[in-house]
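Asker: Structure in C-alpha cells, see below.
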Amino acid sequence: MESVEQIRPVIAPAPVMKSDLGTSLVLEQIVHRFGEMVALKNINLNIQPGEFVSLLGPSGCGKTTLLRIISGFLKPSSGKILLDGQAVESLSASQRGVGIVFQNYALFPHMSVWDNIAYGLRAKRLPNAKVNSKVGEMLELVQLGHLAKRYPSELSGGQQQRVAIARALAVEPKLMLLDEPFSALDKNLRLDMQIEIRRLLSEQGVTAILVTHDQEEAMSMSDRIAVMSQGEIHQFDTPSQIYDQPATLFVSTFVGTCNLLPAKLMGRDMSEYLVQVPGGGRFRVASPTPIQPDDNMLLAVRPENLRIQTQPSSHSLPSTVEMCLPLGAVTAYEVQISPDTKVKVTQPRIPGTRLLEKGQQIYLELASPHACSLFPATS
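Written as C-alpha cells, this is what we have:
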C-alpha cells in the first residue's frame, strides 16, 4: 500500500475571532484512502469560530473529499474531527448540525421559496409559529420576501443561490459548508453574490468553509486559505501572506502569476542572498529562513515586483522588450532577458506616458529584496 508522507505546510496562527454563533473546527491527522489511492494525507487544520476559510486547489487535489468528511457524508480512514472540542467522526451529517450549499443549489423544484426554506425546520418538527417566524426572518435577511411564493424555475441563478443560503442558515448550523456555489454564475453576478454571502455569514457569525479552484474567489472572501495539492496542505495562511510569501513552489505558481527563473546562489550577507539569473543579472534576495546552497535554485517573482529602468545599476538585469499589452489600469510587457528566457512585467499605467516599444533596451530590478522567493528546483 502507498505510504502516507506529509510535506511540512506553513500554518498561520489562528486569528482571534469574535463570534457567539460560530463553532470551532479542528482536524487532526485526517487520512483518507480510496482503495490503494491515498486521497488525503495527514490533514491538520484549526479553524476558529466565525472564521471564513477556503480550501483552494486544482481539480483532484482532495478538497471536495475533505469537505465531505467534514460534513459527515464520508468517514475518514483515520484521524479526528472536533466541533467545539467534541469528536464527531461517528456522527451522521444531520447529527453534526452542518449547513451545506451545493454547486447546483439542490433546491426542491416542486416547492416554493417559502417551503424550501422551511424544509429543514419542519424536518426538526418545530411548531408552525416558530417555522413561520424563522422563514420570514430568513426571507428578510436575503431580501427575497417578495418572491416567497415562486418556484426555483422562476428564479435567477443569484436568487436561487440566496434561497439555498437562507435554507442552510434557517436551521442555525454550527458550520456552513459551501461547495463551489458560484461556479454556475456569470462573472458580474458572481462578484455580487460573493460580497452578499460574505456579508450574510459575517453578520450571522457563522463559521464557513468554501471549496473552490478559483484563486481570486478564495483571496477576496477568506480570512485564511488552505492551499491544497495531491491530498496535502501546502500552506494555511492569510490571503496576503500566501500571495506575498508562498511557502512552496506550488503555492507560488498556483496562486497568482509568477515568473520562475533558474538561479545560482553567489553569496550571502546577513539575511540577504546574492543570486545570479539568466542574462547575467544579479539580484539581492531576502529570505525569512536560511537557504542551503544548491546548484539548482528557482527564483519566483511576480510580474508587478519587477521594476523597469532605462539605466543600469549594480543589481539590474539587461533586457529587451518583446511585447506590450495595455490592460487598462496596468500595462503588461513580455521581456527577453536571455536567448531562451522571457519574463512578464506589469507596471501601473500613468496617463500621458509613452509605452515601451518592441526591441527597446531596458533594465529590470527587483522592487525590494523581499519581493520574491527562492526555492530548490526539485521542490
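In terms of the UniProt record's numbering, the sequence shown opens at residue 1 and continues consecutively. Just so you know, even glycine gets a beta-carbon here, dropped at the ideal spot from N, CA and C.
Whose C-alpha, out of L83, D244, P303, is nearest the C-alpha of T207?
Answerer: The sequence position of residue 207 within the sequence shown is 207, counting from 1. It is L83 whose Cα lies nearest to the Cα of T207.
Asker: With distances taken Cα to Cα, identify the nearest neighbour of F69 among E51, P58, Q29.
Answerer: Position 69 of the sequence shown, counted from the first residue, corresponds to residue 69. In the sequence on display, residue 69 carries Ile and not Phe. For I69, the nearest C-alpha among the options comes from Q29.
Asker: Quick one: Cα of F254 to Cα of Q245, how far?
Answerer: Locating residue 254 in the sequence shown gives position 254, where the first residue counts as 1. Locating residue 245 in the sequence shown gives position 245, where the first residue counts as 1. If I take the Cα positions, the gap works out to 13 Å.
Asker: Could you tell me the boundaries of the beta strand (DSSP E) in which K130 lies?
Answerer: To locate residue 130, count along the sequence shown from 1; it is residue 130. Where K130 is concerned, there is no enclosing beta strand (DSSP E), although the alpha helix (DSSP H) it sits in stretches over 128-141.
Asker: Nearest-angstrom Cα distance between L55 and P339?
Answerer: In the sequence shown, residue 55 corresponds to position 55, counting from 1. In the sequence shown, residue 339 corresponds to position 339, counting from 1. When rounded, the separation of the alpha-carbon atoms in L55 and P339 is 40 Å.
Asker: For A371, I'd like the list of residues in its chain whose CB is within less than 6 Å of its CB, leaving aside the five on either flank, ordered along the chain.
Answerer: Counting from 1 along the sequence shown, the entry for residue 371 is found at position 371. Result list for A371: N305, in chain order.
Asker: Determine contact between the region 179-189 and the region 148-164, defined as no fewer than three beta-carbon pairs at a distance below 8 Å.
Answerer: yes
Asker: Looking at the strands, I want to know which residues DSSP matches up with G99.
Answerer: Within the sequence shown, numbered from 1, the residue matching residue 99 stands at position 99. According to DSSP, which records beta bridges pairwise, G99 is partnered with M176.
Asker: Reducing DSSP to helix, strand and coil, say where Q86 ends up.
Answerer: Working through the sequence shown from its first residue, we reach residue 86 at position 86. In the structure shown, Q86 sits in a strand (DSSP, three-state: E or B).
Asker: How is the beta strand (DSSP E) around Y333 delimited, first residue to last?
Answerer: Taking the sequence shown and counting its residues from 1, the one referred to as residue 333 is at position 333. Element bounds for Y333: 330-338.
Asker: Just to confirm the assignment, what range does the alpha helix (DSSP H) spanning R190 have?
Answerer: Locating residue 190 in the sequence shown gives position 190, counting from the first residue. R190 -> alpha helix (DSSP H) spans 187-204.
Asker: Starting from Q160, trace the alpha helix (DSSP H) both ways and give me its first and last residue.
Answerer: Within the sequence shown, the letter at position 160 stands for residue 160. Going by DSSP, Q160 is part of the alpha helix (DSSP H) stretching over 157-170.
Asker: Please look up how many angstroms separate the CB atoms of S78 and V31, rounded, as I've assumed it's under 8 Å.
Answerer: The residue you call residue 78 lines up with position 78 of the sequence shown. The residue you call residue 31 lines up with position 31 of the sequence shown. Yes, they are in contact, since the Cβ atoms of S78 and V31 sit about 5 Å apart, within 8 Å.
Asker: How many angstroms separate the CA atom of M228 from the CA atom of M270?
Answerer: For the purposes of this step, residue 228 is taken as the residue at position 228 of the sequence shown. For the purposes of this step, residue 270 is taken as the residue at position 270 of the sequence shown. Taking the straight line joining both Cα atoms gives about 33 Å.
Asker: Sorted by chain position, which residues of the same chain lie with C-beta nearer than 6 Å to S19's C-beta, five sequence neighbours on each side aside?
Answerer: Sequence index remark: in the sequence shown, residue 19 carries index 19 (1-based). Bear in mind that a pLDDT of 47 at S19, under 50, signals an unreliable position, so the model cannot answer this.
Asker: Does any CB atom of chain C fall closer than 8 Å to the CB of R190?
Answerer: Among the protein chains of the structure shown there is no chain C, as only one such chain exists.
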